[in-house]
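**Q**
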Amino acid sequence: MPKGGVAASPYRGELRRGPAVVLEREKHAAAGVQIARCPVCRGVFAEHEALATIESTARRKKRGPSLAGVVGRAYEPPTEAMSCPSCSGETTRREWSMGTLVFVDVCVECRGVWLDSGELETLGG
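For what it's worth, the numbering used here labels the leading residue of the sequence shown as 2, then goes sequentially.
1. Output the distance between the C-alpha atoms of cysteine 111 and glycine 90, rounded to the nearest integer angstrom.
2. When we look at the beta-carbon of threonine 101 and count the other beta-carbons within 10 Å, is it buried (16 or more) or exposed?
3. Relative to the C-alpha of glutamate 50, which residue among Cys108, Thr123 and Arg94 is closest?
4. Check each candidate in Ser84, Ala59, Glu122 and Pro86 and name the one with the smallest Cα separation from alanine 32.
5. Who does isoleucine 36 pair with in a DSSP beta bridge?
6. Kindly indicate the opening and closing residues of the beta strand (DSSP E) around glutamate 96.
7. Please report the straight-line C-alpha distance between arginine 43 and tryptophan 115, rounded to a whole angstrom.
8. Considering only residues of the same chain and omitting the five flanking positions on each side of glycine 119, which have a CB-CB separation below 6 Å?
9. With a threshold of 16 other CB atoms inside 10 Å of the CB of valine 41, please say whether the residue is buried or exposed.
10. Measure the C-alpha to C-alpha separation of arginine 38 and leucine 121 and round it to an integer number of angstroms.
Pasting the structure below:
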């Protein structure tokens, strides 16, 4: 934790998914928080708190995890752990929240979250 007790944003300059791919920042329409999307694989990188806001907004609007998305994800092979697009830190794979069957990569350094293509929509975002 930096001085002052406030966690730094994971958006530290240009966000990259590999040496040649720069993530495109955008505002999530329903929740009004900033996310970054990969133009190649359509995956999404977001701050931990932003993703929690997206999920809670979807729940308030009664749009929980998509059943089709959850069932489809249950049969997907696991992907390899990746380095964080923001700080290049190590990530760990875990289920976003209990029962969603959406497994995300969470950076152990900046707490940024990577969602593979379609996972944000499965969560209701």
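All C-beta atoms, glycine included, are put in the ideal place defined by N, C-alpha and C. This one's a predicted model, so the numbers in the text were calculated from it and none came from an experiment.
**A** Taking the definition as stated:
1. The residue you call residue 111 lines up with position 110 of the sequence shown. The residue you call residue 90 lines up with position 89 of the sequence shown. As the crow flies, the alpha-carbon of cysteine 111 is around 8 Å from that of glycine 90.
2. As a working mapping, residue 101 is identified with position 100 in the sequence shown. Buried: at least 16 other Cβ atoms inside 10 Å.
3. Residue numbering aside, residue 50 sits at position 49 when the sequence shown is read from its first letter. Closest by alpha carbon: Cys108.
4. Translated into the one-based positions of the sequence shown, residue 32 becomes position 31. Looking at the Cα atoms, Ala59 is the closest of the given residues.
5. On the sequence shown, residue 36 is found 35 positions in, with the first residue counted as 1. In DSSP, isoleucine 36 forms a bridge with Glu27 and Ala47.
6. Locating residue 96 in the sequence shown gives position 95, counting from the first residue. Bounds of the beta strand (DSSP E) holding glutamate 96 are 92 to 96.
7. Taking the sequence shown and counting its residues from 1, the one referred to as residue 43 is at position 42. Taking the sequence shown and counting its residues from 1, the one referred to as residue 115 is at position 114. Between the alpha carbons of arginine 43 and tryptophan 115 lies a gap of roughly 11 Å.
8. In the sequence shown, residue 119 corresponds to position 118, counting from 1. Closer than 6 Å at Cβ, skipping near neighbours: no residue.
9. Numbered from its first residue, the sequence shown carries residue 41 at position 40. Exposed, because fewer than 16 other Cβ atoms sit within 10 Å of the Cβ of valine 41.
10. The residue you call residue 38 lines up with position 37 of the sequence shown. The residue you call residue 121 lines up with position 120 of the sequence shown. Using only the alpha carbons, I get a separation of about 11 Å.
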